[in-house]
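Asks: One structure coming up, written as structure tokens, with questions to follow.
Numbering (this note's numbering), first residue to last: 34 to 112.
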């Protein structure tokens, strides 16, 4: 699970510190919204070929941690 979390980072210079997938400028919340809208992993990966299934699983893992109060990565706007 921690390996997945390593795929997410916050950099102040990228989207104001929003969480993005490591090495990209693709916001994690954008991908989660795509999932919520019903897009499949395959659809999202076609739209963002730099992402893999592991990236998308990392987004879901992070979401679960936030809901349980165990968020492991803080964005620049969070303290």
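Backbone N, C-alpha and C fix where the C-beta goes; we use that ideal spot for every residue, glycine too.
#1: Check each candidate in 36, 59, 37, 40 and name the one with the smallest Cα separation from residue 47.
#2: So, at 6 angstroms on beta carbons, what are the nonlocal neighbours of residue 92 in its own chain, with the 5 sequence-adjacent residues on each side left out?
#3: Is the Cβ-Cβ distance between residue 74 and residue 89 less than 8 angstroms?
#4: Could you give the first and the last residue of the continuous beta strand (DSSP E) run that contains residue 63?
#5: State yes or no: is the C-beta of residue 87 within less than 8 angstroms of the C-beta of residue 37?
#6: Helix, strand or coil for residue 93? Go by DSSP, reduced to three states.
Replies: Once the coordinates are examined:
#1: 59
#2: 61, 64, 65
#3: yes
#4: Premise fails: residue 63 lies in the alpha helix (DSSP H), 61-69, not in any beta strand (DSSP E).
#5: yes
#6: helix
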